[in-house]
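Quick notes on the structure that follows.
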Amino acid sequence: MNRRSFLAQTSAWAAAAALPKLSGASILPTLNAVAEQTPAAGEIKFPKDFLWGTATAAYQVEGAWNVDGRGETVWDRFSHAPGNVKGAYTGDEACDDYHRFPEDIAFMKQMNMRSYRYSIAWSRIQPTGEGTINQKGIDYYKRLTDTVLKAGMRPLVTLYHWDLPQPLEDKGGWPNRDTAARFADYAEIAVKALGDRINTWAIFNEPWVFTYLGYGSGVHAPGKQDFDLFLKASHTVNLAQGDAFRAIKAIAPKSKVGTAFSMSSTTPATSSPEDAAAAKRFDAFNNVWFLETALRGHYPEAFVHGVPLETMGFQSGDDKRMTAPLDYIGVNYYFRQIVANLATPAPTKPSYDAMGFNHYNGKEGPLTEIGWEVYPRGMYEIVQRVSKDYKLPIEITENGCSYGDYPDASGRVADVRRIHYYREHLRELARAIQDGADVRGYHSWSILDNFEWSEGYTQRFGMVFVDFPTQRRFMKDSGKWYARVASTNTVEASAATT
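Using mature numbering (1 follows the signal peptide of the UniProt record, and there is no 0), the letters of the sequence shown map in sequence onto residues -25 to -1, 1 to 473.
So, in C-alpha cells, the structure goes:
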C-alpha cells in the first residue's frame, strides 16, 4: 500500500490545534441544508428496502483496551511495540466508543442509517481466547446492540475483525489448526448470548488481509514475515469459517451468515494472454481464496505449479470441513490492481512469486491520501463478477476513502472530495444493480475517523470528524450528503457542485 508521508501528518496535527472550541451540540449543521446542495439534475433510485449503513471495527473505535476484563490482543501487543505503527499511535483509546457509543449511534440516526456493521472483540468475551467467559463483555455488546436496535438499525455483526487474543497467538495463532476450534467455540458463545438481538453475522472481515499482512508481509499484527506461516494461517481460517458457520446455524438456523471479503477490481497490465492469465491468478489469490473454499470446498488455482496443500497443512476431510454455504457475500471494495505476468521457474518451496504475477495499484485516476486510486468503475466490475459467478445476495460491507479535511472556525468540514468519491461509486453500484446484481445493502467506511491500523491516526476515513485529543465529533459535509442519499434512497445521476 502507498502511504501518506509523516510530514503530511505533522502538518495535519498542527492544523488540529486550531480546531474551533465549540460544544458538541452546537457544531452540528442542520441536515436540512443538504437539500440545498443537491441539484435537480435527475436521480438514480435504489431498490425498495435497500439498507443504507455504515461500519466500524472494535479495535479501531472502542478504546478501553484494559477495561472490564478485556484481554490483550495481538494489536495491543503490536501497537505497543516501537516502530510498528506510524507516530507510535495505539488503539488504547481510539474513539473511546466503548463509552461514547450512544453519541455515535445518534449520529447514525441523524444520517438515516438502517444498518450498522460493527464487530465484537473476541477478547472482551473470552479474555484468553478460550475457557472463561467475561460477562461484562457480553453485557457491553448487549447494551450496544440494544441501542442500535432502538435507533431503528439492523445490526450486522462481525465476529472477527483482526483482534486475535494474544494468548492464542502465543500458542501459534492462526497458523495453529487448533485456533479454528477455539474460534468456533467463541462464535457459539457469542451467538448464544446475542442471537436474540442479532440476525445477520459476518464471520470474518477480510481474511486475506489479516492472514497475509499479519503472517506473510508482517506489516500488521502479529508482525510475522513467513510465507509458509501465511499459508497455514489461511488454511486454518478457512477451516474456522466452516466451523463457525455450522456453529451459528446450529443455534440460529434462520440467521443470515456471510463473510466480508476484501476484493479488488483486476486489470491486466497489457493485452497479452500471459498478463490475462496472471490477472486470473491474482483474482483467485486476492479475491476468492476464502470464498471458493466456502462455497465449493476447494482452493482456486492461484499458483502456477499447483496449490501447495501439504505446506498448508491440508488433511483428509478438510474440504468438507471448510465448506460453508454462505447466505450472502460481503464485498469490501476500495481500489483496483494492475497485474502483470511474472515468469518464474518451479519453486523449491512455496512463495509469493510462485503465483507468477506482479501487481500494483492503479495510477490513472486521482489518489486518496492513503495513496489508493479512485476507480469507481471497479465497484461495478467486482459486483458483477461476484454476482454472475456465485449467484448469492451481496452486501457492500465496506467502501470509503481517506481525506484529511479539518473543521473550519464554524465547525464545518467541507470534504468535497469524499462526497465525489461516494457519489461516483454509488452510481456504479446502482448500474450493477440495474444489470442484475442482487445487492441488499451498502456500508460506508466509516462513520468515524478512527485508528487505521499500521497508519495509526494519520488517515481519516470517517463521515464524522474526530478530534482525538478531546474526543469531540464534527459531522462532515459528506455525512450530511449521505443522510440525504439514505432518506431519499437515491443518488444524483450527474455531476453536482457541493
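Quick reminder that beta carbons are idealized off the backbone N, C-alpha and C, glycines included.
Asked, Found
"CB-CB length for N180 against H136, believed under 8 Å", "4 Å"
"Helix, strand or coil at E403 [DSSP, three-state]", "helix"
"Euclidean distance between Cα positions of V349 and Y335", "14 Å"
"Pick from E18, K23, D24 and G28 that is closest to A458, judged by C-alpha positions", "G28"
"I223 to T465 span [Cα, whole Å]", "35 Å"
"Nearest-angstrom beta carbon gap, G217 and A126 [assumed within contact, 8 Å]", "With a Cβ gap of about 34 Å, A126 and G217 do not count as contacting."
"Of the residues T463, Y365 and I345, the one placed nearest T433, counting alpha carbons only", "I345"
"Enclosing alpha helix (DSSP H) for R89 [first to last residue]", "That residue, R89, is in no alpha helix (DSSP H); it is neither H nor E in DSSP."
"Three-state class that DSSP yields for L26 in the structure shown", "strand"
"N- and C-terminal bounds of the alpha helix (DSSP H) containing D203", "F202 to I226"
"Bridge partners - P243, DSSP secondary structure assignment", "V314"
"Beta-ladder partner(s) of A176, from DSSP", "Checking the displayed sequence, the identity of residue 176 turns out to be Trp instead of Ala. Paired residue(s): V132 and V232."
"Cβ shell of D294 (< 8 Å), same chain only, five flanking positions each side left out", "G272 and H273"
"Cβ pair R256, G170 closer than 8 Å", "no"
"Residue of S362, E427, T463 and M438 minimising C-alpha distance to G62", "E427"
"8 Å Cβ cutoff met for F449 and G386", "yes"
"Backbone secondary structure at E18 - three-state DSSP", "strand"
"Status (buried if at least 16 other CB within 10 Å, exposed otherwise) for P102", "buried"
"Check whether S98 and D138 have beta carbons under 8 Å apart", "yes"
"Distance between T31 and F440 (C-alpha atoms, nearest Å)", "14 Å"
"CA nearest to the CA of R447, picked from K199, R415, D79 and I371", "D79"
"Short CB-CB distance (under 8 Å) between A321 and chain D", "Absent from the structure: chain D. Only one protein chain is present."
"Within 8 Å, strictly: CB atoms of A244 and I313", "yes"
"Unbroken alpha helix (DSSP H) run spanning I357, endpoints", "R352 to Y365"
"Cβ pair count under 8 Å reaching 3, the region 46 to 57 against the region 397 to 411", "no"
"Limits of the unbroken alpha helix (DSSP H) element including V166", "D153 to L169"
"D250 and N316 closer than 8 Å at C-beta", "yes"
"T445 versus P382: straight-line alpha-carbon distance, rounded", "14 Å"
"C-alpha distance - V49 paired with Y93, whole-angstrom precision", "19 Å"
"For V391, the three-state DSSP class (helix, strand or coil)", "helix"
"DSSP bridge partner residues for D442 (one or two, in chain order)", "R447"
"Cβ-Cβ distance between E303 and E370 below 8 Å", "The sequence shown places Tyr at residue 303, not Glu. The answer is yes: Cβ separation under 8 Å."
"Extent of the continuous beta strand (DSSP E) run through I369", "I369 to E373"
"Unbroken alpha helix (DSSP H) run spanning V60, endpoints", "Taken as a continuous stretch (DSSP letters only), V60 belongs to no alpha helix (DSSP H), as it is neither H nor E."
"Beta bridge counterpart(s) of T465 as assigned by DSSP", "K20"
"Nearest residue (CA-CA) to A253, options I164, M86 and T319", "T319"
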